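Written out below as structure tokens is the structure these notes cover.
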Amino acid sequence: MNTPLERREALQQDRRVRYERMVEIRALENKVQDLFDEGLVHGTTHLCLGQEAVAVGVAAAARVTDQVTCTYRGHGVALALGLTPVQLLGEILGREAGSIGGIGGSMHLCDPEIGLMPTFAIVGAGIPVAAGAALTAQVRGTDDAAIAVFGDGSTNIGAFHEALNLAAIWKLPVVFVCENNQYGEYSRIDLTTPVDDIACRAESYAIGGIVVDGQDPDAVAEAVSSALDHARSGGGPTLLELKTYRYAGHSRADTAPYRPDGEFESWYEKDPIVNFGRQLTDDGVLGENGVDEVQATVNARIDAAVELVLDSAPTPVDAMFTHVLAP
1116 MNTPLERREA LQQDRRVRYE RMVEIRALEN KVQDLFDEGL VHGTTHLCLG QEAVAVGVAA
1176 AARVTDQVTC TYRGHGVALA LGLTPVQLLG EILGREAGSI GGIGGSMHLC DPEIGLMPTF
1236 AIVGAGIPVA AGAALTAQVR GTDDAAIAVF GDGSTNIGAF HEALNLAAIW KLPVVFVCEN
1296 NQYGEYSRID LTTPVDDIAC RAESYAIGGI VVDGQDPDAV AEAVSSALDH ARSGGGPTLL
1356 ELKTYRYAGH SRADTAPYRP DGEFESWYEK DPIVNFGRQL TDDGVLGENG VDEVQATVNA
1416 RIDAAVELVL DSAPTPVDAM FTHVLAP
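Just so it is clear: in the sequence shown, position 104 is 1219 by this note's numbering, and no numbers are missing.
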């Protein structure tokens, strides 16, 4: 198993690895649902099925020294940034093999080595934290940047507007990435938000607002890379709205009966993994049997990770008291 840094480097250098990572995210999320159904996952889970291109595109563009915040639906971003399947499953299953020793669980993933700040269970909470990380880089005089990945539901809370306003005034090196999967928990976006494009809200803060195809990892990587260059050069923040779709329900056993007829099928025709795999096959990056080979490789990796994690030591109860006080 490669280290997180090696996984990140491979993803940034090789489009085949980007495809493989997307397949890995999809397969691992399905495995997490299976483990939950078996009673092995305590607490809740929020799956990012269908949103794999967002995670991989962001990770392909960001440096490892950039700081990334994301939501409780953060398994995909964590894996794309380099977290290993063992680290992810270990955390979700409460094992010492987890990225922070199994004390964070599904909603609190973290690995500072790859720039993954602790993921947030509170809606929108990572947005002002990313602004703070950007301020740190600005004060220290580095050319690092911060990225806040958040859902469309976050754009209707105060922290979103406060962070964008502050970042614009101070020209902070931060990129705000709205992962618009069309639903805030159980509510479709048109029932909660009066604008068609969230990116238009950037105009209120005199910063760039760009709508991006969130089903295309190359388009995501290009948009995030351009926004990061703008931020590093002193140009300030950008708001990117990545249009994507959440295949799973909000969490756990939610089967999403609230979806309009035909909506899921329409978005599934734009499946990011199928389309990217077809594109790489046409470009000669994947061979004739490349899609099947990648799936077999990923399945074997995940099976091995599950076996290793289930055989590893459970996190002791008193571990909850670690990291409470600074040394």
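Cβ coordinates follow ideal geometry from the N, Cα and C atoms, glycine included. Note that the coordinates shown come from a computational prediction; the quantities given were computed from them, not determined experimentally.
Report yes if the C-beta distance between A1176 and V1339 is below 8 Å; otherwise report no.
Reading the sequence shown from its first residue, position 61 is the one you call residue 1176. Reading the sequence shown from its first residue, position 224 is the one you call residue 1339. Yes, the Cβ-Cβ distance between A1176 and V1339 is below 8 Å.
With respect to the alpha helix (DSSP H) encompassing T1396, which residues constitute its N-terminal and C-terminal limits?
The residue you call residue 1396 lines up with position 281 of the sequence shown. Start and end: P1387 to D1397.
With distances taken Cα to Cα, identify the nearest neighbour of E1300 among E1294, G1364 and G1241.
Taking the sequence shown and counting its residues from 1, one reaches residue 1300 at position 185. Per the Cα distances, G1364.
Tell me the rounded alpha-carbon separation between I1272 and G1402.
For the purposes of this step, residue 1272 is taken as the residue at position 157 of the sequence shown. For the purposes of this step, residue 1402 is taken as the residue at position 287 of the sequence shown. Take the alpha-carbon of I1272 and the one of G1402: they are about 47 Å apart.
Alpha carbon to alpha carbon, how far is V1392 from V1171?
Working through the sequence shown from its first residue, we reach residue 1392 at position 277. Working through the sequence shown from its first residue, we reach residue 1171 at position 56. Before going further, note that residue 1392 is Gly rather than Val in the sequence given. Their backbone Cα atoms lie some 14 Å apart in a straight line.
If you follow the alpha helix (DSSP H) that K1445 is in, where does it begin and where does it stop?
No information on residue 1445 is available, as it lies outside the stretch 1116 to 1442 that the chain covers here.
Expressed to the nearest angstrom, what Euclidean distance is found between the alpha-carbon atoms of H1161 and V1335?
Here residue 1161 refers to the residue found at position 46 of the sequence shown. Here residue 1335 refers to the residue found at position 220 of the sequence shown. Pairing H1161 with V1335, the inter-Cα distance amounts to about 22 Å.
Specify the secondary structure class of Y1298 as computed by DSSP and reduced to three states.
Against the sequence shown, residue 1298 aligns to sequence position 183. In the structure shown, Y1298 sits in a strand (DSSP, three-state: E or B).
Can you list, in chain order, the residues of its chain whose CB lies under 7 Å from that of D1328, leaving out five sequence neighbours each side?
Within the sequence shown, numbered from 1, the residue matching residue 1328 stands at position 213. Excluding positions up to five away in sequence, the list reads A1334 and K1358.
Report the rounded CA-to-CA distance for G1351 versus L1440, giving the unit in angstroms.
Here the question's residue 1351 lines up with position 236 in the sequence shown. Here the question's residue 1440 lines up with position 325 in the sequence shown. Using only the alpha carbons, I get a separation of about 35 Å.
Report the option in R1303, F1265 and P1387 whose CA atom is closest to the CA atom of E1189.
Numbered from its first residue, the sequence shown carries residue 1189 at position 74. Residue 1189 is actually Gly in this sequence, not Glu. Nearest C-alpha to G1189: F1265.
Between V1173, T1270, E1380 and A1342, which lies nearest to P1309 when the distance is taken from Cα to Cα?
Here residue 1309 is taken as the residue at index 194 of the sequence shown, counted from 1. Considering only alpha carbons, the answer is T1270.
Compare the beta carbon distance of G1216 and P1429 with 8 Å and say whether it is the shorter of the two.
Locating residue 1216 in the sequence shown gives position 101, where the first residue counts as 1. Locating residue 1429 in the sequence shown gives position 314, where the first residue counts as 1. Going by C-beta atoms, G1216 is not nearer than 8 Å to P1429.
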